[in-house]
Amino acid sequence: SAAAAAAGGIALHDFSGRLGEQQVHFHAMRLRDSLFLWVGAAPALASLAVAMCSPRDSVPVAASLLGDPSDTASACLAQRLGRCGRAGVDPGGWLPRGRWGEAGRAGRNRSWWPRGQQPRSPSGKTKKQIFVSYNLQNTDNNFTLLIENRIKEEMMAFPEKF
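Residue 101 in UniProt numbering is what sits at position 101 of the sequence shown, and the numbering runs on without skipping anything.
Rendered as structure tokens:
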């Protein structure tokens, strides 16, 4: 429940989509201080990576935790979903362009969203680590972009789950 998640519980969210010719399943687990995303077509945990904001860089630091270190799909997706900026978040990194208006140029607190109702970034404002397990054979850039966009679409529709 939302009350359990707010009190430090776990919030689970499953969704899926047909991307190209493949049915892809997603599992999101929001924890108090982190977010775990699993992407795959069949039950497997072949790789796991983590990304988090660093005070020294505007790009999140990512590391592979499990699986073949030459397979960077999980780390790249975690890094792209956890974009950081000057104030610890780049809203344009996970929301579709235009929703934040001139936030980057006009000031970091300006947005199209009413005050206090801005969606939370998965790792930026909450300073959460993002764990990603990408378990698909297709690592083509166009296909992984479809994966990333499907996750972002779900984040927009259900921000409380992320």
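Here a beta-carbon is modelled for each residue, glycine too, at the ideal position from N, C-alpha and C.
Exercise for the section: Give the secondary structure of Leu81 by DSSP, where H, G and I count as helix, E and B as strand, and everything else as coil. Expected result: Reduced to three states, the DSSP call for Leu81 is helix.
Practice task
Would you mind reading off the limits of the beta strand (DSSP E) that contains Leu37?
Solution key: That run of the beta strand (DSSP E) goes 34-40.
Practice task
Kindly identify the DSSP beta-bridge partner or partners of Val50.
Solution key: In DSSP, Val50 forms a bridge with Ala63, Phe131.
Problem - Coil, strand or helix - Ala11 by DSSP - result: Secondary structure of Ala11 (DSSP, three-state): strand.
Practice task
Check the C-beta distance from Gly17 over to Arg150 and give it rounded, since I have them as a contact under 8 Å.
Solution key: The Cβ separation is near 5 Å, so the contact holds.
Handout entry: Backbone CA spacing between His25 and Leu136 [nearest angstrom]
Key = In a straight line, the C-alpha of His25 is about 10 Å away from that of Leu136.
Exercise for the section: Spell out the partners DSSP gives Phe162 in its beta bridges. Expected result: None; Phe162 has no bridge partner.
Exercise for the section: Assign Ala44 to buried or exposed, taking buried as 16 or more other Cβ atoms, counted over all protein chains shown, within 10 Å of its Cβ. Expected result: If you draw a 10 Å sphere on the C-beta of Ala44, you find fewer than 16 other C-beta atoms in it, and that means exposed.
Practice task
Determine the direct distance from the alpha carbon of Asp57 to that of Leu37, and round the result to whole angstroms.
Solution key: Their backbone Cα atoms lie some 23 Å apart in a straight line.
Exercise for the section: Have a look at residue 214 and Ile130 and give me their C-alpha separation to the nearest angstrom. Expected result: There is simply no residue 214 to check, as the chain begins at 1 and stops at 162 in what is shown.
Practice task
Would you tell me roughly how many angstroms separate the C-alpha atoms of Val39 and Cys53, rounded to the nearest one?
Solution key: Their backbone Cα atoms lie some 22 Å apart in a straight line.
Problem - Beta-carbon gap between Ala47 and Leu35 smaller than 8 Å - result: What sits at residue 47 in the sequence shown is Ser, not Ala. Between Ser47 and Leu35, the gap from beta carbon to beta carbon reaches 8 Å or more.
Exercise for the section: Return the chain-ordered list of same chain residues with a C-beta closer than 7 Å to the C-beta of Lys128, the five sequence neighbours on each side being excluded. Expected result: Within the same chain, and ignoring the five residues on either side of Lys128 in sequence, the residues whose Cβ sits closer than 7 Å to its Cβ are Asp33, Ser34, Leu35, Pro122.
Handout entry: Those residues which DSSP pairs with Ala28 across a bridge
Key = DSSP, once it has assigned bridges, lists His13, Leu37 as partnering Ala28.
Handout entry: Secondary structure of Arg18, DSSP reduced to three states
Key = Here DSSP, grouped into helix, strand and coil, assigns Arg18 to strand.
Exercise for the section: Classify Ser74 as helix, strand or coil using the three-state DSSP reduction. Expected result: In this structure, Ser74 counts as helix in the three-state DSSP scheme.
Exercise for the section: Could you tell me which of Pro159, Ala157, Asn142 sits nearest to Leu77, measuring between CA atoms? Expected result: The candidate whose alpha carbon is nearest that of Leu77 is Asn142.
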